[in-house]
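**Student:**
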Amino acid sequence: MSDINTDFPVPAFLHTLLLEQYGEADCARIEAGYQAKRAASFRVNPLRATNKEAEETLSALGLSFSRVPWGESAYLLFGAGERELRRTPLYERGGVYFQSLSSMLPPLFLGAKKGEDVLDMTAAPGGKTTEIAALTENGAHITACEKDAVRFARLRYNVERQGARVNLLQTDALRLDDFLRFDKILLDAPCSGSGTFSADGGGAISPKLVENSAILQKKLLKKAAKLLKKGGELVYSTCSVLRKENEEALFALAGTGLMPVPLEPFGGLPLLPSAEGTVCVCPDALYEGFFVAKFKKIS
Ligand code: SAM
Numbered sequence: 080m081s082d083i084n085t086d087f088p089v090p091a092f093l094h095t096l097l098l099e100q101y102g103e104a105d106c107a108r109i110e111a112g113y114q115a116k117r118a119a120s121f122r123v124n125p126l127r128a129t130n131k132e133a134e135e136t137l138s139a140l141g142l143s144f145s146r147v148p149w150g151e152s153a154y155l156l157f158g159a160g161e162r163e164l165r166r167t168p169l170y171e172r173g174g175v176y177f178q179s180l181s182s183m184l185p186p187l188f189l190g191a192k193k194g195e196d197v198l199d200m201t202a203a204p205g206g207k208t209t210e211i212a213a214l215t216e217n218g219a220h221i222t223a224c225e226k227d228a229v230r231f232a233r234l235r236y237n238v239e240r241q242g243a244r245v246n247l248l249q250t251d252a253l254r255l256d257d258f259l260r261f262d263k264i265l266l267d268a269p270c271s272g273s274g275t276f277s278a279d280g281g282g283a284i285s286p287k288l289v290e291n292s293a294i295l296q297k298k299l300l301k302k303a304a305k306l307l308k309k310g311g312e313l314v315y316s317t318c319s320v321l322r323k324e325n326e327e328a329l330f331a332l333a334g335t336g337l338m339p340v341p342l343e344p345f346g347g348l349p350l351l352p353s354a355e356g357t358v359c360v361c362p363d364a365l366y367e368g369f370f371v372a373k374f375k376k377i378s
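Here the sequence shown stands for residues 80 to 378, where the numbers follow our numbering.
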């Protein structure tokens, strides 16, 4: 057994699952990542601001920042500048949006284009919905679906503030009409959060939550497969590093006519071993634990 830092107790069941799945070395990397103090990160929203405007604002505040190589408008913010940036007119008008680096990945892998019908199935608070709108310069026909009323209100707020053009639906994605068809679907599924566990924020994880998440993920995956046009593409993501919610959940796509599309991870991502063509990010001082896989409907 690897040593567990008793000042930072990872729940025994989670430690056991990580150890079984990854072995000692990667289990220790993940658990060290849980304890890391992550730098803040944000996206500049090109629907409301330019990178230049954002950089000028940050420099005027004396804040230390750097561009992330794989993201046109992804930035890291060092030190304690988040509160100051949140008080600026730039932030107020939706010119920047705080979002974890890992969470910015699925829309980049989705690659939605202008004119396409795009569904964000489980969308609140809207980080990825608004990112898709930004990446397509508001030129895609985006539908964003969210079941929870309180979270839906947050989604609406973020969409409006960022000037994103989105058709918002407060509903259970499992109840969407089976006759609907989309070119691209993002299923950023509800999950146990095992990739983002921390002593102060991730305490709710339990075996039951992992179990229930996997059941719901499989249902949502089957629904996504139905709603894709032939030739359309699905990106599935979770902020979990557990096989049960990632590779094993994907078994639900068997017999649905979807084929895996291998992903090329961007340089510099701290990767964990995962099924071929999928990306599993290890939590560390820059990234949250995250999983992404992509599929195309061929029949
Ligand atoms: N993609 C979001 C973002 O980047 O801001 C985060 C999505 S979060 C991981 C999953 C969301 O799915 C939660 O807001 C949850 O309320 C919602 N959800 C759970 N079950 C759902 C369902 N059956 N239909 C629609 N939304 C659902």
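Every residue, glycine too, gets a C-beta built ideally from N, C-alpha and C. Predicted model, so just to flag it, every value in this text is computed and none were measured.
Excluding five sequence neighbours on each side, which residues of the same chain lie with their C-beta closer than 8 Å to the C-beta of E367?
**Tutor:** So the list reads R117, S179, L180, S181, S182, G274, T275, C318, V360, once near-sequence residues are dropped.
**Student:** List the DSSP bridge partners of A372.
**Tutor:** A372 pairs with Y315.
**Student:** Taking 8 Å as the limit between beta carbons, can you name the residues of its chain near L169, skipping five residues before and five after?
**Tutor:** Within the same chain, L169 has close Cβ partners A128, E132, A133, T136, V175.
**Student:** For a quick check, are the C-beta atoms of F261 and G311 less than 8 Å apart?
**Tutor:** Cβ distance < 8 Å, so F261 and G311 count as in contact.
**Student:** Are there any heavy atoms of the ligand SAM lying less than 7 Å away from the beta-carbon of E367, as far as the coordinates show?
**Tutor:** Because no heavy atom of the ligand SAM lies under 7 Å away, the Cβ of E367 does not count as near it: no.
**Student:** I'd like to know if A159 contacts chain B, where contact means its C-beta is closer than 8 Å to some C-beta of that chain.
**Tutor:** The structure shown contains no chain B; it holds only a single protein chain.
**Student:** List the endpoints of the continuous alpha helix (DSSP H) containing N291.
**Tutor:** Residues 286–306.
**Student:** Using DSSP's beta-bridge definition, name the partner residues of L156.
**Tutor:** Answer is A119, F144, bridged to L156.
**Student:** Going by the beta-carbon positions, is the gap between P385 and V371 smaller than 8 Å?
**Tutor:** Lying outside 80 to 378, the shown extent of the chain, residue 385 is not represented and no answer is given.
**Student:** Check whether the Cβ atoms of D256 and K305 sit closer than 8 Å, and answer yes or no.
**Tutor:** Going by C-beta atoms, D256 is not nearer than 8 Å to K305.
**Student:** Going by DSSP, which residues form a beta bridge with E225?
**Tutor:** In the DSSP output, where bridge partners are listed per residue, E225 has Q249.
**Student:** Let me check understanding here. Comparing Cα to Cα, which of E355, L307, R108 lies closest to P339?
**Tutor:** Answer by Cα proximity: E355.
**Student:** Give me, in chain order, the residues of the same chain whose beta-carbon lies closer than 7 Å to that of A232; leave out the 5 immediate sequence neighbours on both sides.
**Tutor:** Result list for A232: empty, nothing under 7 Å.
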